[in-house]
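Undergrad: Under my numbering, read the sequence shown as residues 17 to 205, first letter to last.
We put the beta carbon where it would ideally sit given N, CA and C, even for glycine.
Below: one structure in C-alpha cells.
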Amino acid sequence: MKDNAKEENDRSLLRRRMKETLSSLGKEYISGSSVHICEFLKKYIRSNDGVKDVFIYNSYGNEVKTDKIILFLSDGGFNVYLPIVRGDDMYAVAVNKDTKYVIGDYGISEPLGEAYTGGFDMAVTPMLAFDKDKNRMGKGKGYYDRFFASHDVKIKVGLAFSAQEAVSVYPESHDVPMDVIITEEGICE
C-alpha cells in the first residue's frame with residue numbers, strides 16, 4: 017500500500033524544487049530554448065494533418081514562451097483558443113487579431129469573449145515538471161486536469177524545458193498524462 021502522506025510530501029518537494037529550477041534558468045536560456053521548442057512544436061503540428069482547432073496557453077513568467085507559436089497558428093489558418101480562469105474552472109475563448117485582452121486573476125493576459133464548449137484537435141499545456149511516462153505536474157490548482165476531463169482533446173502536448181524532467185511526478189488518479197512532450201531537445205511521443 018502506498019504511503020499517501022509520503023507521496024504528497026514528495027509532490028510538494030518536487031513542486032518546490034522545480035520552481036527553484038525554473039527561477040535559476042535565466043531569461044536568455046528561457047528565450048532561446050523557447051524558440052527551439054516552438055520550432056519542434058511547429059514541426060509536430062505540420063506532421064498531423066487533421067489539426068485545425070488548437071487550445072494553447074498564453075505564457076507567463078518562466079513558462080515556455082508561446083507568443084510566436086500563437087502567431088504561427090493564427091497566421092496559418094488554425095482556430096486558436098486561449099484559456100481564461102473563472103473561480104475553479106478554466107474555459108477556452110477563440111482568439112484572432114481583433115481580440116481584446118485583460119489581465120486575469122493570476123496576472124496572465126486573458127482574451128475577452130464567450131467560452132467555447134467544443135472539442136480540440138490539440139491542446140498545448142505548460143508544465144512545472146514531467147516524467148518519462150509523460151505524466152505532467154502543474155502548479156497545483158488542477159485547472160488543466162479538470163479541463164481535460166470536460167473537453168474532448170485528441171492530442172495533449174506538454175511544453176517544458178529539459179531541466180523540468182523528474183524521475184516521477186507522483187501522478188494521482190485524476191492527473192491526465194500528455195500524449196507528447198516537447199522540450200528544447202526534441203519531441204517525445
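Pull up the CB-CB distance for GLY93 and ASP137, whole angstroms please, since I reckon it's below 8 angstroms.
TA: Not really, about 13 angstroms apart at Cβ, beyond 8 angstroms.
Undergrad: Since VAL118 sits in a beta bridge, which residues does DSSP pair it with?
TA: Partner(s): GLU126.
Undergrad: Can you tell me which of GLY42, GLU55, LEU41, GLU44 puts its alpha carbon nearest to the alpha carbon of SER201?
TA: The amino acid at residue 201 is misidentified as Ser; the sequence shows Glu. It is GLU55.
Undergrad: Please state whether DSSP places ASN252 in a helix, a strand or coil.
TA: Here the chain comprises residues numbered 17 to 205, so residue 252 is not present and cannot be evaluated.
Undergrad: Per the contact definition of three or more C-beta pairs closer than 8 angstroms, is the segment 173-192 in contact with the segment 124-135?
TA: Segments in contact, no.
Undergrad: Could you check which residue in GLU188, TYR76, HIS190, LEU175 has the C-alpha nearest to that of TYR60?
TA: Of GLU188, TYR76, HIS190, LEU175, the residue nearest in Cα terms is LEU175.
Undergrad: Can you check DSSP and say which residues form a bridge with LEU175?
TA: DSSP output for LEU175 lists PRO142, ILE198 as bridge partner(s).
Undergrad: How far does the alpha helix (DSSP H) with VAL51 in it extend, from its first residue to its last?
TA: Unbroken alpha helix (DSSP H) run through VAL51: 43-62.
Undergrad: Could you name the residues of the same chain whose beta carbon sits closer than 8 angstroms to that of SER258, not counting the 5 residues immediately before and after it, in chain order?
TA: The requested residue 258 is not part of the displayed model; the chain covers only 17 to 205.
Undergrad: Does the segment 142-158 touch the segment 25-42, meaning 3 or more C-beta pairs lie closer than 8 angstroms?
TA: The segment 25-42 vs the segment 142-158: in contact.
Undergrad: Are LEU30 and MET194 close, meaning C-beta to C-beta below 8 angstroms?
TA: Taking 8 angstroms as the Cβ cut-off, LEU30 and MET194 do not qualify as a contacting pair.
Undergrad: Within its chain, find whatever has a CB closer than 6 angstroms to the CB of LYS150; leave out the 5 residues flanking it on each side and keep chain order.
TA: Within the same chain, LYS150 has close Cβ partners PRO193, MET194, ILE197.
Undergrad: Which residue marks the beginning of the alpha helix (DSSP H) containing ASP83, and which one marks its end?
TA: Segment 83-91, the alpha helix (DSSP H) holding ASP83.
Undergrad: Report all residues from its chain with a CB closer than 6 angstroms to the CB of TYR160; omit the five preceding and five following residues, and keep chain order.
TA: Same-chain partners within the cutoff: THR141, GLY154.
Undergrad: Would you tell me roughly how many angstroms separate the C-alpha atoms of VAL169 and HIS190, rounded to the nearest one?
TA: If I take the Cα positions, the gap works out to 16 angstroms.
Undergrad: Give the single residue among TYR73, TYR122, GLY42, ASN25 whose Cα lies nearest to the Cα of LYS172.
TA: It is TYR73 whose Cα lies nearest to the Cα of LYS172.
Undergrad: Could you tell me whether the Cβ atoms of ASN25 and ILE46 are closer together than 8 angstroms?
TA: No; because the gap between Cβ atoms is not below 8 angstroms, this pair is not in contact.
Undergrad: Taking just the CA atoms, how far does GLU44 sit from MET106?
TA: Answer to the nearest angstrom: the Cα atoms are 30 angstroms apart.
Undergrad: Exposed or buried, what is ILE53 when buried is set at 16 or more other beta-carbons lying within 10 Å of its beta-carbon?
TA: By the neighbour-count rule (16 or more Cβ atoms within 10 Å), ILE53 is buried.
Undergrad: What residues in its chain sit with their C-beta under 6 angstroms from that of PHE71, if we drop five residues either side in the sequence?
TA: Here the set comprises TYR97, ALA108, PHE136, ALA139.
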